[in-house]
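**Q**
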Amino acid sequence: DVIVLRHPQPGAAKKAASICAKPVLNAGDGTGEHPTQALLDVFTIREEIGTVNGLVITMGKLMASVFYEVSTRTNCSFSAAMQRLGGSVVSMDTVSSSVKKGESFEDSMIMMSTYADVIVLRHPQPGAAKKAASICAKPVLNAGDGTGEHPTQALLDVFTIREEIGTVNGLVITMVGDLKHGRTVHSLAKLLTLYNVQLRYVSPAGLSMPQSVIDFVKSCQVSQSVYGSLEEALPGTDVLYVTRIQKERFESELEYKKCCGKFVVTPQLMTKAKQKMIVMHPLPRLDEILTDFDTDPRAAYFRQAENGVYIRMAVLSLTLGKTSSHVGQL
Ligand code: CP
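With positions in the sequence shown counted from 1, the corresponding number in full-length UniProt numbering is that position plus 628.
#1: Round the Cβ separation of M691 and F706 to the nearest angstrom and send it over; I've been treating them as touching at under 8 Å.
#2: At which residues does the beta strand (DSSP E) containing L918 begin and terminate?
#3: Return the bridge partner residues of R750 from the DSSP annotation.
#4: At a cut-off of 8 Å, would you count N703 as near the ligand CP, judging by its Cβ distance to the nearest heavy atom?
#5: Could you give the distance in angstroms between the alpha-carbon of A942 and the alpha-carbon of A644?
#6: Helix or strand or just coil, what does DSSP make of V717?
#7: Rounded to whole angstroms, what is the Cα-Cα separation between T722 and V694?
#8: Identify every residue that forms a DSSP beta bridge with M737.
#9: Please list, in chain order, all residues of the same chain as D735 whose beta carbon is under 6 Å from its beta carbon, the five residues on each side excluded.
#10: Does the ligand CP have even one heavy atom less than 8 Å from the beta-carbon of H778?
#11: So, does the region 749–758 touch the region 708–720, judging by three or more C-beta pairs under 8 Å?
#12: Of all the options K729, V893, V870, which has the alpha carbon lying nearest to the alpha carbon of M908?
#13: Would you report the Cα separation of R931 and I647, rounded to the nearest angstrom?
#14: Are the beta-carbon atoms of I747 and L783 separated by less than 9 Å?
#15: What are the boundary residues of the beta strand (DSSP E) that R634 is part of?
#16: What first and last residue would you give for the beta strand (DSSP E) that runs through V768?
#17: Among V670, F671, P636, which one has its Cα closest to the Cα of S655?
#18: Hey, is the region 785–802 in contact with the region 815–828, meaning 3+ C-beta pairs nearer than 8 Å?
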């Protein structure tokens with residue numbers, strides 16, 4: 629009833645269709661066309677990314693990955709995202725660049741904005757991304773600015789909650805660990821004010837959520853409470869968001885050690901938690917979640933990290949889509 633034809637001659641399928649009384653499907657005609665391949669390609673893009681519109685513009689685009697602080701997930705997932713979108717990446721860090729020779733932040737940013745279409749910046753100084761954005765002619769994406777913010781992490785965190793639980797509204801979200809220095813919880817708490825949630829905070833003495841974040845959350849009429857222990861906060865919790873004690877932000881090893889090991893997620897502790905809940909962590913983890921817990925279905929942190937690629941693909945697409953001046957040429 630139907631003929632599927634592959635032939636070395638361009639136009640062969642068309643010729644066959646003119647001869648045959650039955651439909652002819654072109655399965656590749658030499659150097660001509662391969663239409664069903666194109667259909668499955670577009671289907672794949674829609675399945676993987678959710679849309680085709682706005683994506684193709686990243687082909688031929690260049691992302692500058694500028695990391696003044698170390699990173700595994702943010703650096704590599706941004707690079708993977710850009711390359712999966714058909715773009716490419718140049719990288720700069722403080723070890724192999726002229727930062728070593730004393731080149732200023734401002735000059736380095738100007739250079740990167742002349743090379744690339746978008747700059748992804750991690751820096752130890754809060755406000756560094758905002759400063760770079762005021763210098764650069766190209767968009768700057770904040771990949772973490774010291775103890776400030778980590779906005780793309782917050783986006784992937786909320787995406788993960790939606791993927792895992794199906795909704796964000798109505799949830800009790802408990803943040804535990806170094807809430808003072810942890811930029812991920814600063815951005816996440818702010819982003820969660822867009823939803824109807826209850827926030828609980830658990831931290832060692834001296835590492836509580838900054839007053840500026842508490843004031844922001846309060847101004848949005850979102851419920852927030854401080855708990856003294858995980859055992860108290862855990863019952864009723866839908867999302868336990870664990871963070872590392874950030875050694876690199878402490879004045880001394882002694883001060884850091886005083887704060888370690890206070891709140892540790894163990895399989896035994898998690899018997900007190902709901903069966904239908906998730907444990908998240910922006911990673912890297914040290915000893916705040918025992919590896920024994922990794923096989924528990926509630927352990928969502930590696931799935932969370934994988935979501936970083938998809939979210940950063942979306943962020944890059946939106947950013948380059950809005951700023952592209954070369955769409956017509958591609
Ligand atoms: N979550 C996160 O920012 O991890 P990295 O420091 O490895 O990028």
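For glycine and all other residues, C-beta sits at the position ideal for the given N, C-alpha and C.
Just so it is clear, the structure is predicted and the values come from calculations on it, not from any experiment.
**A** The relevant details are as follows:
#1: 7 Å
#2: That residue, L918, is in no beta strand (DSSP E); it is neither H nor E in DSSP.
#3: F695
#4: yes
#5: 43 Å
#6: strand
#7: 9 Å
#8: Paired residue(s): none; M737 is not in a bridge.
#9: none
#10: yes
#11: no
#12: V870
#13: 54 Å
#14: no
#15: 631–635
#16: 768–773
#17: According to the sequence shown, residue 655 is Ala rather than Ser. Considering only alpha carbons, the answer is P636.
#18: yes
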